[in-house]
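My numbering numbers the first residue of the sequence shown as 343 and each following residue consecutively. Idealized CB from N, CA, C, for every residue including glycine. Predicted model only: the values in this text are computed from it and were never measured. In what follows, a structure is listed as structure tokens, so that the remarks can point back to it.
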Amino acid sequence: MADINTRRLPVGIQSFKVIREENYLYVDKSDIVWNLVNLGQKYNYLSRPRRFGKSVLVDTLEAYLQGRKDLFEGLKIIEMEKEWKQYPVVRLDMSLAGSTAKAIQSYLSDAFSEYESTYGITPLPTASLAVRFKNIVTTAFKKTGNKVAILIDEYDSPLQHSWMTAEHNDCTDVYRNVFAVLKACDEFEKFVFITGITKFTQISLFSVLNNLSNISFTPENAAICGITEEEMKENFMPEIGSSDKVRGIPTQISTIHDRKRTVCP
């Protein structure tokens, strides 16, 4: 049995790059990632509770879509991916966007400025956020020759925090205006992935992106983030201890996590 003192658990680490380069233990989800991008739908929404590994998943997707083969050596995806194309990626973390329309606009403006700098775009002073977003996607496609991947983490965070306040409707309006670009830029997009904690039917994005696929309860994506009982036994035996102690661990962990789990019909 491995010495648990030499095993590094990535507690609190959300960077796939750090996990892989600094030899932290990683539960291999790369085969599910490959299947999602290459065999799944173009537009995807994943709902999971907080602290379920959504941000690590988004980071893993970004690394894969950017062609970072070096970070995936030894993982299942190495046998599946043959090309390792480098797609331009636009990534937004809406947990950083506050809970007011002004804060959301400020965050998006700053985020878009970074991508505009990357692709040599000088937006007009009067350009709306939607126009800037569209220009980023179309320019990234034209300059790289590859379609663009768009990753939006914690999509509903500002909407959750503004719920039951005077700001909520204004926040929703910002979302509808800006993220309508996702549908408008369909021909330039390779893959769109959105995470949140809200039920699929409650997300305002659905009204402007009616082809968004809810993968939250699909059997093939049930284990895409979080850790299954099988994975726990396979990867964490040194920490769990001898086999006679394993039986009670899932129940204890289920209790700790408020018995949250993914059920696939």
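Cβ separation of residue i and residue j, assumed to be a contact under 8 Å, to the nearest whole Å
| i | j | result |
| --- | --- | --- |
| Lys532 | Ala491 | 5 Å |
| Tyr368 | Ile355 | No, Tyr368 and Ile355 are not in contact; Cβ-Cβ is about 10 Å, not under 8 Å. |
| Thr480 | Cys527 | 7 Å |
Span of the beta strand (DSSP E), counted from its first residue to its last, around residue i
| i | result |
| --- | --- |
| Ile492 | Val490 to Asp495 |
| Glu366 | The sequence shown places Tyr at residue 366, not Glu. Neither: Tyr366 is in no beta strand (DSSP E) and is coded neither H nor E. |
| Phe533 | Glu531 to Gly538 |
Check whether residue i and residue j have beta carbons under 9 Å apart
| i | j | result |
| --- | --- | --- |
| Phe358 | Leu407 | no |
| Asp373 | Ile419 | yes |
| Ser389 | Ile539 | yes |
| Val520 | Ile478 | no |
| Leu501 | Ala522 | no |
| Ala536 | Ile566 | One point to set straight first is that residue 536 is Ile, not Ala, in the sequence displayed. Contact flag unset, no. |
| Val360 | Leu403 | no |
| Gly568 | Gly409 | no |
| Glu562 | Asn377 | yes |
| Leu554 | Asn380 | no |
| Lys476 | Pro430 | no |
| Asn488 | Gln428 | yes |
| Arg349 | Pro580 | yes |
Residue range of the alpha helix (DSSP H) that includes residue i
| i | result |
| --- | --- |
| Val473 | Leu471 to Thr486 |
| Phe521 | His510 to Phe521 |
| Glu576 | Glu571 to Asn577 |
| Gln502 | Ser499 to Ser504 |
Nearest to residue i (by Cα), restricted to the options the options
| i | options | result |
| --- | --- | --- |
| Val400 | Leu501, Glu496, Ala443 and Thr348 | Glu496 |
| Tyr498 | Phe454, Val516 and Lys525 | The amino acid at residue 498 is misidentified as Tyr; the sequence shows Asp. Minimum Cα distance to Asp498 is reached at Val516. |
| Val353 | Arg393, Ser504 and Gly462 | Arg393 |
| Ser455 | Ala445, Lys444 and Leu471 | Leu471 |
| Tyr457 | Ala469, Lys444 and Arg474 | Arg474 |
| Asp512 | Tyr449, Ile582 and Ala443 | Ala443 |
| Glu529 | Glu573, Lys371 and Lys384 | Lys384 |
| Val398 | Leu450, Leu417 and Lys371 | Lys371 |
Which parts of the region 383 to 449 are runs of the beta strand (DSSP E), unbroken and 3 residues or longer, counting only runs that do not cross its ends?
-> Runs found: 385 to 389 and 431 to 435.
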